[in-house]
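Numbering (our numbering), first residue to last: 1 to 469.
Here it is as structure tokens:
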């Protein structure tokens with residue numbers, strides 16, 4: 001697959017080492033296990049190196065800037081970088097420091113011990129100057145910048161401010177993966193991707209979506225971020241934006257094997273998506289999928305875009321509008337049908353209606369009102385079920401081919417983009433009341449009213465529950 005776009009990544013590079021063995025007894029000298037080493041040894045790029053590897057695995061070019069020592073570990077890192085397709089790099093040698101190395105000793109895929117060799121003192125001004133020189137040279141040909149801060153001494157407060165200032169002046173998107181809980185260090189970056197602990201500090205007990213949104217909005221106001229994307233482990237990802245829809249995506253991990261580098265994977269796929277000019281929401285979904293795959297692998301691992309493609313084909317009918325439009329171009333003479341609704345508390349009436357709609361077309365698309373859209377239409381007490389869960393339920397029906405979530409009150413923009421052959425609506429409407437009725441005539445389409453199942457309505461069900469009848 002050909003690479004698309006380019007990301008400039010600057011941050012602390014780490015050499016991740018793994019030594020495998022067997023534990024069969026306890027030491028007679030102290031109550032500790034004795035590890036008998038096997039011949040298995042693995043060395044991989046970690047820290048900003050892992051971010052760069054995942055960007056490349058997402059079929060996007062990456063230029064990596066970092067600092068290493070004058071030692072054997074730096075030579076290993078250079079060798080590993082040279083093996084990566086789509087990766088170019090500038091590794092500045094600081095003779096006064098060691099290359100950061102994390103050596104994990106493993107038995108039965110369980111870590112027994114980790115030995116760290118590192119110098120976390122701040123780099124000197126001469127190294128800072130060299131970083132800025134390489135950064136300024138390479139930013140011209142890059143679509144997106146990633147700052148990967150592992151707090152190993154490279155990214156000083158002064159250097160971070162200079163890099164962000166250069167990006168803002170050049171109009172470049174800058175994504176920061178922070179380790180510092182003082183997120184004000186990254187003021188005026190475009191996107192920041194803290195984990196839940198980095199976002200909330202010590203106040204992580206009893207966390208919910210509303211708390212995440214409140215704290216994220218405060219950060220956006222105070223520090224000029226465009227988006228705060230919080231990785232929340234088993235609770236998935238929360239996206240809060242200065243302009244646009246806020247949303248929360250549950251984790252896609254089927255099995256958690258190792259969380260090492262999962263945050264790197266998220267940042268990499270978001271950066272890749274933006275560099276490739278893909279839909280923002282689609283990039284977040286893809287990043288969440290990638291993280292779900294990454295935690296199912298042992299050790300610091302990469303996730304290839306081909307793995308994502310396979311997952312998407314199996315798991316998803318829910319697409320962004322841009323992705324959907326591209327897909328529809330390949331359908332040829334298929335008759336496209338479209339309907340829309342809130343589908344809050346799905347009942348027999350919904351199912352009967354959707355089955356009848358599918359019978360009248362080859363490919364049925366459902367426009368699903370987002371939570372914000374439902375609140376505008378139905379009031380603050382709705383929806384009962386969030387749009388992610390509603391979309392999951394709809395996805396399970398074989399008579400629905402694709403689902404697209406929209407934030408507006410009406411689906412008119414979707415209709416204009418997908419240009420369906422048919423718009424379906426219940427027979428409790430008149431044709432001239434149906435959104436898109438005038439527009440669909442322009443491409444010789446038509447509105448079809450479908451007979452509704454009587455006395456079936458989500459609102460009536462909710463009312464009965466409230467009244468206890």
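Virtual Cβ for every residue (Gly too), placed ideally from N, Cα, C.
Express the C-alpha separation of residue j and residue i in angstroms, rounding to a whole number.
i, j, result
"residue 213", "residue 427", "40 angstroms"
"residue 249", "residue 276", "22 angstroms"
"residue 145", "residue 398", "41 angstroms"
"residue 65", "residue 332", "46 angstroms"
"residue 414", "residue 192", "30 angstroms"
"residue 338", "residue 384", "24 angstroms"
"residue 19", "residue 41", "5 angstroms"
"residue 100", "residue 152", "8 angstroms"
"residue 186", "residue 38", "44 angstroms"
"residue 280", "residue 203", "29 angstroms"
"residue 404", "residue 127", "49 angstroms"
"residue 35", "residue 96", "34 angstroms"
"residue 267", "residue 282", "14 angstroms"
"residue 296", "residue 262", "10 angstroms"
"residue 324", "residue 223", "35 angstroms"
"residue 450", "residue 355", "10 angstroms"
"residue 90", "residue 116", "24 angstroms"
"residue 102", "residue 278", "35 angstroms"
"residue 217", "residue 173", "19 angstroms"
"residue 143", "residue 285", "20 angstroms"
"residue 135", "residue 167", "10 angstroms"
"residue 440", "residue 447", "8 angstroms"
"residue 443", "residue 336", "12 angstroms"
"residue 329", "residue 419", "11 angstroms"
"residue 244", "residue 194", "19 angstroms"
"residue 479", "residue 375", "What the structure shows of the chain is the stretch from 1 to 469, and residue 479 is not part of that stretch, so it cannot be assessed."
"residue 264", "residue 51", "5 angstroms"
Let's test the definition: count the other Cβ atoms within 10 Å of the Cβ of residue i and tell me whether it reaches 16, buried, or not, exposed.
i, result
"residue 29", "exposed"
"residue 49", "buried"
"residue 306", "exposed"
"residue 59", "buried"
"residue 390", "buried"
"residue 108", "exposed"
"residue 401", "buried"
"residue 24", "exposed"
"residue 31", "exposed"
"residue 141", "exposed"
"residue 359", "exposed"
"residue 190", "buried"
"residue 438", "exposed"
"residue 138", "buried"
"residue 53", "buried"
"residue 387", "buried"
"residue 205", "exposed"
"residue 114", "exposed"
"residue 470", "Here the chain comprises residues numbered 1 to 469, so residue 470 is not present and cannot be evaluated."
For a quick check, are the C-beta atoms of residue i and residue j less than 8 angstroms apart?
i, j, result
"residue 366", "residue 340", "yes"
"residue 80", "residue 44", "yes"
"residue 482", "residue 67", "Residue 482 lies beyond the stretch modelled for the chain, which goes from 1 to 469, so this question has no answer here."
"residue 377", "residue 409", "yes"
"residue 227", "residue 240", "yes"
"residue 123", "residue 147", "no"
"residue 452", "residue 292", "no"
"residue 77", "residue 272", "no"
"residue 236", "residue 288", "yes"
"residue 11", "residue 154", "yes"
"residue 118", "residue 98", "yes"
"residue 104", "residue 110", "no"
"residue 352", "residue 334", "no"
"residue 302", "residue 57", "yes"
"residue 242", "residue 220", "yes"
Residue i and residue j look like a contact to me (Cβ under 8 angstroms); what is the Cβ gap, rounded to whole Å?
i, j, result
"residue 15", "residue 73", "5 angstroms"
"residue 471", "residue 230", "Only positions 1 to 469 of the chain appear in this structure, which leaves residue 471 out of reach."
"residue 379", "residue 412", "Actually they do not touch by this definition, with Cβ atoms about 22 angstroms apart."
"residue 131", "residue 159", "6 angstroms"
"residue 164", "residue 180", "Their Cβ separation, rounded to whole angstroms, is 14 angstroms, which puts residue 164 and residue 180 out of contact at 8 angstroms."
"residue 7", "residue 62", "5 angstroms"
"residue 344", "residue 373", "Contact doesn't hold; Cβ gap of about 11 angstroms is too wide."
Cβ-heavy atom distance between residue i and the ligand NAP below 7 angstroms?
i, result
"residue 347", "Ligands are entirely absent from the displayed structure, and the ligand NAP is therefore not among its contents."
Any beta carbon from chain B within less than 8 angstroms of residue i's own beta carbon?
i, result
"residue 125", "As a matter of chain content, chain B is missing from the structure shown, which is built from one protein chain."
Kindly identify the DSSP beta-bridge partner or partners of residue i.
i, result
"residue 27", "Note: residue 27 sits in no beta bridge, so no partner."
"residue 110", "107"
"residue 97", "In the DSSP output, where bridge partners are listed per residue, residue 97 has none listed."
"residue 6", "61"
"residue 472", "Residue 472 falls outside the range modelled here, since the chain spans only 1 to 469, and no answer is possible."
"residue 425", "449"
"residue 91", "66"
"residue 33", "26"
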